[in-house]
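Peer 1: Here it is, the structure, as structure tokens.
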Amino acid sequence: MHLKDRVAIVTGSGRGIGFAIAKLLAEHGAKIALVDINKDDLTKGKSEIESLGGIAKTFVCDVSDWENVQNVVKEIINEWGRIDILVNNAGITRDNLILRLTPEDWDLVIAVNLKGAFLFTKAVARQMMKQKYGKIVNISSVVGLMGNAAQSNYSSSKAGLIGLTKSTAKELAGKGIRCNAVAPGFIETEMTKNLSEKAVQSFLDSTPLKYAGRPEDVANLVMFLASPESDYITGEVIRVDGGMAM
Ligand code: NAI
Numbered sequence: 010m011h012l013k014d015r016v017a018i019v020t021g022s023g024r025g026i027g028f029a030i031a032k033l034l035a036e037h038g039a040k041i042a043l044v045d046i047n048k049d050d051l052t053k054g055k056s057e058i059e060s061l062g063g064i065a066k067t068f069v070c071d072v073s074d075w076e077n078v079q080n081v082v083k084e085i086i087n088e089w090g091r092i093d094i095l096v097n098n099a100g101i102t103r104d105n106l107i108l109r110l111t112p113e114d115w116d117l118v119i120a121v122n123l124k125g126a127f128l129f130t131k132a133v134a135r136q137m138m139k140q141k142y143g144k145i146v147n148i149s150s151v152v153g154l155m156g157n158a159a160q161s162n163y164s165s166s167k168a169g170l171i172g173l174t175k176s177t178a179k180e181l182a183g184k185g186i187r188c189n190a191v192a193p194g195f196i197e198t199e200m201t202k203n204l205s206e207k208a209v210q211s212f213l214d215s216t217p218l219k220y221a222g223r224p225e226d227v228a229n230l231v232m233f234l235a236s237p238e239s240d241y242i243t244g245e246v247i248r249v250d251g252g253m254a255m
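For reference, each letter of the sequence shown is one residue, going 10 to 255 in the numbering used here.
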């Protein structure tokens, strides 16, 4: 229980990787603010965490909406008095070739994946500075390191998250705040469920371990980066990708 009395925000935690992270942090004693745009998934997630003896509250929030984000952070501070961990996990895809990709789908993916992480970082920074302690983990992607055809919007947002991570790490280190990024490879979730068989095969072909990761594989690394055991690590990008981007 080495996260006992810690307060953690996990965005996009209604399902998938975000929920696996929230569940693991809760199992280690953290109080969890489950943040998602999907209310039904939040309700399910909260009862699952509570059934395991964890503590969770739900917040319906669009991470790209500054007013919404500020209100959620204020509520969490009012309720629990502190914020120790922020995991910027909410993310979407709107894949298309550059010639077909609409400016609207460019803006939307950047707004949720990149601006959303900036807004939550901005909203929690003052509280973490006051505490002289905070852990921020941004969920990037291997395509943020390597690029990917038909994902110019998504891979740009994920590369942008790496820039945000390093800038945040440098700017807030003096205040006891660490910021790192995790770059998952191919992980089995709703997000990757609808990929064509050909796309899945090509991901697996380029993964030396030859199998897809599970949300728990990402959660285990986030747990380490959220815990005091990783206190001397900041501004780092760590892949969880079965070797894909090596
Ligand atoms: P998912 O689609 O299963 O879950 C994403 C969650 O984010 C959903 O619960 C969704 O409702 C929420 N969300 C979407 N837009 C939101 C918004 N505007 N405000 C608040 N919440 C919002 O996806 P998955 O696979 O769990 O992905 C989680 C993160 O991991 C994403 O950032 C994704 O880009 C990243 N990732 C996933 C990989 C994979 O293979 N599944 C690989 C690399 C990175």
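We put the beta carbon where it would ideally sit given N, CA and C, even for glycine.
S239 to F233, Cα distance in whole Å?
Peer 2: Using only the alpha carbons, I get a separation of about 6 Å.
Peer 1: Return yes when at least one heavy atom of the ligand NAI lies under 7 Å from the C-beta of V82, else no.
Peer 2: Outside the cutoff, so no.
Peer 1: Spatial neighbours of N98 within its chain, please: CB distance less than 7 Å, with the 5 preceding and 5 following residues excluded, ordered by chain position.
Peer 2: Closer than 7 Å at Cβ, skipping near neighbours: V19, T20, G21, S22, I26, G27, I30, I148.
Peer 1: Taking 7 Å as the cut-off, is the CB of R24 close to at least one heavy atom of the ligand MN?
Peer 2: No copy of the ligand MN occurs in the structure displayed; its ligands are the ligand NAI alone.
Peer 1: Is V82 helix, strand or coil when you go by DSSP?
Peer 2: Correct three-state label for V82: helix.
Peer 1: Give a yes or no on contact between the stretch 57–69 and the stretch 107–115, applying the rule of three or more CB pairs nearer than 8 Å.
Peer 2: Contact fails: fewer than three Cβ-Cβ distances are below 8 Å.
Peer 1: How far does the alpha helix (DSSP H) with R135 in it extend, from its first residue to its last?
Peer 2: First-last of the alpha helix (DSSP H) with R135: 125–140.
Peer 1: Label K144 either buried or exposed according to how many other C-beta atoms from any shown protein chain fall within 10 Å of its C-beta, with 16 as the threshold for buried.
Peer 2: K144 should be labelled buried.
Peer 1: State yes or no: is the C-beta of G38 within less than 8 Å of the C-beta of L12?
Peer 2: Yes, Cβ-Cβ distance for G38 and L12 is below 8 Å.
Peer 1: Counting only runs that start and end within the stretch 12–88, where is the beta strand (DSSP E) found for 3 or more residues in a row?
Peer 2: Counting only runs of 3 or more, we get 16–20, 40–45, 64–69.
Peer 1: DSSP on A158, reduced to helix/strand/coil?
Peer 2: Coil, per DSSP.
Peer 1: Looking at the unbroken alpha helix (DSSP H) that takes in A192, where does it start and where does it end?
Peer 2: Careful: A192 lies outside any alpha helix (DSSP H), inside the beta strand (DSSP E) at 186–193.
Peer 1: Would you report the Cα separation of L117 and K124, rounded to the nearest angstrom?
Peer 2: When rounded, the distance between both Cα atoms is 10 Å.
Peer 1: Less than 6 Å between C-beta atoms, sequence neighbours within five positions excluded: which residues of the same chain meet that for A221?
Peer 2: Result list for A221: F195, E197, in chain order.
Peer 1: I'd like the list of long-range same chain contacts for V151, defined as Cβ closer than 8 Å, with 5 residues on each side in sequence excluded.
Peer 2: If we look at V151 and ignore the five residues flanking it on each side, its Cβ neighbours are A192, P193, G194, R248, D250, M253, A254.
Peer 1: Of all the beta strand (DSSP E) runs that stay within the bounds of the stretch 168–227, which reach a length of 3 or more residues?
Peer 2: Counting whole runs of 3 or more residues, the stretch 168–227 contains the beta strand (DSSP E) stretches 186–193.
Peer 1: Of all the options F127, V44, T216, which has the alpha carbon lying nearest to the alpha carbon of E84?
Peer 2: Comparing Cα positions, the closest option is V44.
Peer 1: Which two residues bound the contiguous beta strand (DSSP E) that contains L95?
Peer 2: Element bounds for L95: 94–97.
Peer 1: With the cut-off set at 8 Å, would you say L170 and T130 are in Cβ contact?
Peer 2: No, the pair does not count as a contact, with Cβ atoms beyond the cut-off.
Peer 1: Tell me whether P112 counts as near the ligand NAI, meaning its Cβ is closer than 7 Å to at least one heavy atom of that ligand.
Peer 2: Result no, Cβ not under 7 Å from the ligand NAI.
Peer 1: Rounded to whole angstroms, what is the Cα-Cα separation between T201 and E88?
Peer 2: Near 35 Å, if we compare the C-alpha coordinates of E88 and T201.
Peer 1: Whose CA, out of M138, I41, I58, lies closest to the CA of V81?
Peer 2: Ranking the options by Cα distance to V81, first place goes to I41.
Peer 1: Say yes only if the C-beta of C70 is nearer than 7 Å to one or more non-hydrogen atoms of the ligand NAI, and no if none qualify.
Peer 2: It does: the Cβ of C70 is within 7 Å (strictly closer) of some heavy atom of the ligand NAI.
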